[in-house]
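These notes are about the structure you will find just below.
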């Protein structure tokens, strides 16, 4: 390949903005309209969610909006997933609250910067490929659990329940509060919610180009506002009722109508209200929280991309997605934004609203911008029950209930156990525990399955033997990988066989069917060889893969006169066995 071609190839494969480059190759005006409509729809969902998530970590709600605006656009343009929508997410809440309480808003912004740098490094090191090793039951259990959590979170707004401002963090406690508040349900909210659900479930039958989410948002909001004018007692809770802001000496309800200000993160206040400043000590203290945020952000964003791939039958670039996430988190603190990652619920809504490219997420960010500067007064009238009904539909699609039930019926019991573990842990604990436990369980299942494939088989002297087997020799074949899950059992089988044939003095081991070996396998071989050599048994190792041969040589296993010899083919194996036997006879003669 010529140098110019090599540079071009390297550029094309550099993990940056790959999703945007691919999706724009055959981009059309129809695609642009589809992205615009999807972005507008998701923007309607992102605005209250961004504000609520910011409030949940004890920072002003506008910082959540700044995150959805800046990080949402930057990550979409620089990332590797065509459909992912990024912004503040609930998964970060438990990690961000301690940072805010200890270091204030300034510390949170600086931790977000460090998180961005770590994510960029992970992407450049191509660590995004590791997501391929997350099994389907883990992904399905995780996404189904998220769907259930999202659905139950909508009960409050769907029915207009009166609950404490600070809801419990755990799912069971939250359910107890919700069910206890059922008597406080408001009929206007319930009516609006049910009407929205009905419209969303039937809208697609009309074959109209207007997406159902946008149609529901506009039509139901107009209905609720108009009915309120006729019946003053009809007062469903709106965005303006739930969200309030105070900025630049002004205050109001709903969404703050200001652009995100540019400021250095280290000039923002700490927990005591003073500028946090820049110091290496502070960076060192924030490094571990940033590492945790980066790992969680990587897992969630790549899982979100996997979910998006499953819904659209496309493939994302995991390394570019990590780089994009990193760039977004590196830049957003300069505009007051907090830690961001891809949000599965918003991504699912983006896909179901007809998104075609990353520009849909950019339009989503622009919708947030319009909400900040133009549409804030209008958006304040959107009923919360309408948004809750939308998220209920999103949650149903995200849960993939038909696939979940089918997996329970047809999958092996081990996969069902992994699925249920991830599903339950996502609901009752958190996503990190679900993915961690699911991966550990899947790893143990895989190791058990691989270990069952490893066997030691004795070959008799027949016409299929590559050479005439002497009466003083035994010939055994290893089948399968020799790793820590199988090596000890395989070697034990071999030692038992040798005790049953104590008159044999040369052992030939064929490694032709061994694809790999790890240090546990090497250690097991070393121990077995030492034991066999002390009994005067010579060993021939034949048919070994070059990589396995190098590993054994590196570990110190090599030809030892009268004890161990390596061979590459049948002729060498026969000669090596004869040489070992002759050495034994010479020793016996002396």
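Numbering (the numbering used here), first residue to last: -14 to 575. C-beta atoms are modelled at their ideal positions from N, C-alpha and C, and glycine is treated no differently.
query, result
"Since I believe residue 61 is in contact with residue 50 (beta carbons under 8 Å), could you give me their beta-carbon distance rounded to a whole number of angstroms?", "Not confirmed; about 16 Å, so no contact."
"Less than 7 Å between the C-beta atoms of residue 271 and residue 96, yes or no?", "yes"
"Is the CB-CB distance between residue 356 and residue 240 below 7 Å?", "yes"
"Output needed for residue -4: all residues of its chain with C-beta closer than 7 Å, excluding positions within five of it in sequence on either side, in chain order.", "Residue confidence is low: residue -4 scores 41 on pLDDT, short of 50, so the model does not pin down where it sits. Its coordinate-derived value is still stated next. None."
"Between residue 533 and residue 501, what straight-line distance do the alpha-carbon atoms span, to the nearest angstrom?", "6 Å"
"With DSSP as the reference, label residue -14 as helix, strand or coil.", "Residue placement at residue -14 is poorly supported in this model, since its pLDDT is 42, which falls under 50; the coordinates still yield a value, given next. Of the three classes helix, strand and coil, the one that applies to residue -14 here is coil, per DSSP."
"How many whole angstroms separate the CB atoms of residue 372 and residue 30, which I take to be in contact at a CB cut-off of 8 Å?", "7 Å"
"For the alpha helix (DSSP H) that residue 266 lies in, which residues bound it at each end?", "265 to 297"
"Are the beta-carbon atoms of residue 475 and residue 562 separated by less than 7 Å?", "no"
"Starting from residue 197, trace the alpha helix (DSSP H) in both directions and tell me its first and last residue.", "197 to 215"
"Pop quiz: residue 86 and residue 256 are said to be a contact at Cβ under 8 Å. What is the actual Cβ separation, rounded to whole angstroms?", "6 Å"
"Is it buried or exposed, residue -13, if we count other Cβ atoms within 10 angstroms and call 16 or more buried?", "The predicted position of residue -13 is uncertain, since its pLDDT is 47 and thus under 50; no value can be drawn from it."
"Helix, strand or coil, according to DSSP, for residue 229 in the structure here?", "strand"
"Rounded to a whole number of angstroms, what is the C-alpha to C-alpha distance between residue 148 and residue 170?", "10 Å"
"Since residue 235 is in the beta strand (DSSP E), which residue starts that stretch and which ends it?", "235 to 238"
"What are the boundary residues of the alpha helix (DSSP H) that includes residue 408?", "398 to 413"
"Rounded to a whole number of angstroms, what is the C-alpha to C-alpha distance between residue 517 and residue 547?", "12 Å"
"Take residue 225 and list the residues in its own chain whose beta-carbon comes closer than 6 Å to its own, dropping the five residues that flank it on each side.", "238, 239, 365"
"Using 10 angstroms around the beta-carbon of residue 606, count the other beta-carbons present and answer buried if the total reaches 16, otherwise exposed.", "What the structure shows of the chain is the stretch from -14 to 575, and residue 606 is not part of that stretch, so it cannot be assessed."
"Measuring only the C-alpha atoms, how far is residue 574 from residue 430?", "53 Å"
"Can you give me the C-alpha to C-alpha distance between residue 287 and residue 472, rounded to a whole angstrom?", "34 Å"
"Give the DSSP bridge partners of residue 444, in chain order.", "460"
"Starting from the Cα of residue -1, find the closest Cα among 304, 392, 126 and give me that residue.", "304"
"Grouping DSSP H, G and I as helix and E and B as strand, with all else coil, what is residue 495?", "strand"
"Excluding five sequence neighbours on each side, which residues of the same chain lie with their C-beta closer than 6 Å to the C-beta of residue 569?", "490"
"On the CB-based measure, 16 or more other CB atoms within 10 Å of its CB, does residue 428 come out buried or exposed?", "exposed"
"Is the number of C-beta pairs between the stretch 204 to 213 and the stretch 20 to 30 that are closer than 8 Å three or more?", "no"
"Quick one: what's got a C-beta closer than 6 Å to residue 528's C-beta in the same chain, skipping five residues either side?", "495, 496, 497"
"Are there 16 or more other CB atoms within 10 angstroms of the CB of residue 139, so buried, or fewer, so exposed?", "buried"
"Is residue 26 near residue 199, with beta carbons less than 7 Å apart?", "yes"
"Going by beta carbon distance, what residues of the same chain come within less than 6 Å of residue 350, once the five residues before and after it are set aside?", "54, 57, 58"
"First and last residue of the alpha helix (DSSP H) that includes residue 551?", "Not the alpha helix (DSSP H): residue 551 falls in the beta strand (DSSP E), residues 549 to 552."
"Within 8 Å, do at least three Cβ pairs link the stretch 502 to 512 to the stretch 533 to 545?", "yes"
"Determine, using beta-carbon pairs with one atom in the stretch 129 to 139 and one in the stretch 383 to 403, whether at least three such pairs fall under 8 Å.", "yes"
"Does the contact criterion of 3 or more C-beta pairs under 8 Å hold for the stretch 339 to 347 versus the stretch 310 to 320?", "no"
"Going by CA-CA distance only, name the one from 221, 203, 523 that's closest to residue 567.", "523"
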